[in-house]
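I have placed the structure first, in the form of structure tokens, so that the comments after it can refer back to it.
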Amino acid sequence: MKRMNLAQLEQKLTAAARLQPPDERVPYAFEKRIMAIIAERAAASGRVLWMRGFLHAAVSCLALALVCGAVSFFTPVATDNGNDLSQDFENTLLASADLPDSAP
Amino acid sequence: MERSEAELIAAVLKGDSASFEPLVEKYSPRVFATARRYARRDSEVQDIAQEVWLKAFGKLKTFRGEAPFEHWLMRMAVRTCYDFLRGHQRNRISSFSDISEPEEDWLERFVGDPGNAAADADAAKLLIDRVLERLSPEARLVIQLLEIEDRSVKEIAELTGWSVPLVKVRAFRARGEMRKILARIAKDKYL
């Protein structure tokens, strides 16, 4: 049986690959497609910036709302109605109207 | 008047992305030729070329103008092709029992008379493509650049971003890998 000379086979095949210049053909309007993708990505990145801004604002608002909620939830409610702010406000507002009635 | 490459690049960096188009038009043939060395299907070649150009646009700020734009672009093209090879490692361990009749005939002729087996035969081209497809990504890249494109180790180091000793080590291993594959052909067909 004949033996295969591997070193020579390697040389032959490498030479075959060298004799095979790669095709430089470019698909029709390829550069237009690339420019369209670049423009699309630029527009998309602008939108993404806006979306990110809105998202950050929404997260900040939510955090603020949670903090306010927590503060109002954990602040002890005064049982004494005399110290109630709304009652104080009403008293102050109606003080002039109440005075004649309380006068002897 | 036609603008120089440096002017086009400066315009792109200032925000005029339309100035990138002449560069795409000028260098796409080279990018496609490089991509076709590593990918066979047209869709894969186009995907590689597209990725090269999008990367080039995105990283244009890193181009310092010390070397020609073409060299910088080719580095990007070779590295993108390498990424492609790493992501598409298929059919590497299949046997050579599926080689076509013309390839088998060529091998028969080679065994009969190695000196007269034509290297420009289509069958030889098919066979080398088949062998290259079975190499690991590193080995394929090194064999392609070193043996087929006849580039120096230093050039390969610049193109791939590997150090010179690493290129040498990988070239040594790649040759061994290729010899193993050829030995497998010999074993499958002639032993």
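Chains A and B are the protein sequences, given in the same order.
Just so it is clear: in the first sequence, position 70 is 70 by our numbering, and no numbers are missing.
Just so it is clear: in the second sequence, position 106 is 106 by our numbering, and no numbers are missing.
In this text, a Cβ means the ideal position worked out from N, Cα and C, and glycines have one as well.
Item, Value
"Proximal residues of chain B, C-beta to C-beta of V48(A) below 9 Å", "Per Cβ cutoff of 9 Å: no residues; V48(A) is ~15 Å from chain B at best."
"Member of D42(B), A35(B), R36(B) and Q50(B) whose CA lies at the smallest distance from the CA of A36(A)", "Q50(B)"
"Length of the line joining the Cα atoms of F32(B) and E101(B)", "30 Å"
"Contacting positions in the stretch 20-51 of chain A - beta carbon closer than 9 Å to chain B", "Q20, P21, P22, D23, E24, R25, V26, P27, F30, E31, K32, R33, I34, M35, I37, I38, A39, R41 and A42"
"Proximity winner among T160(B), I48(B), L107(B) and R36(B), relative to L13(A) (alpha-carbon distances)", "L107(B)"
"Proximity of L8(B) and S17(B) at Cβ, strictly below 8 Å", "no"
"Within-8 Å CB hit, E133(B) to chain A", "no"
"Residue of V111(B), A39(B) and K55(B) minimising C-alpha distance to V24(B)", "K55(B)"
"R64(B) versus G58(B): straight-line alpha-carbon distance, rounded", "14 Å"
"Under 8 Å between C-beta atoms of R140(B) and L85(B)", "yes"
"Span of the alpha helix (DSSP H) around R47(A)", "F30 to F74"
"For I143(B), the nearest candidate out of G115(B), G112(B), G176(B) and G161(B) (CA to CA)", "G176(B)"
"Where the alpha helix (DSSP H) containing Q107(A) begins and where it ends", "This structure cannot settle anything about residue 107(A), because the visible part of chain A is limited to 1 through 104."
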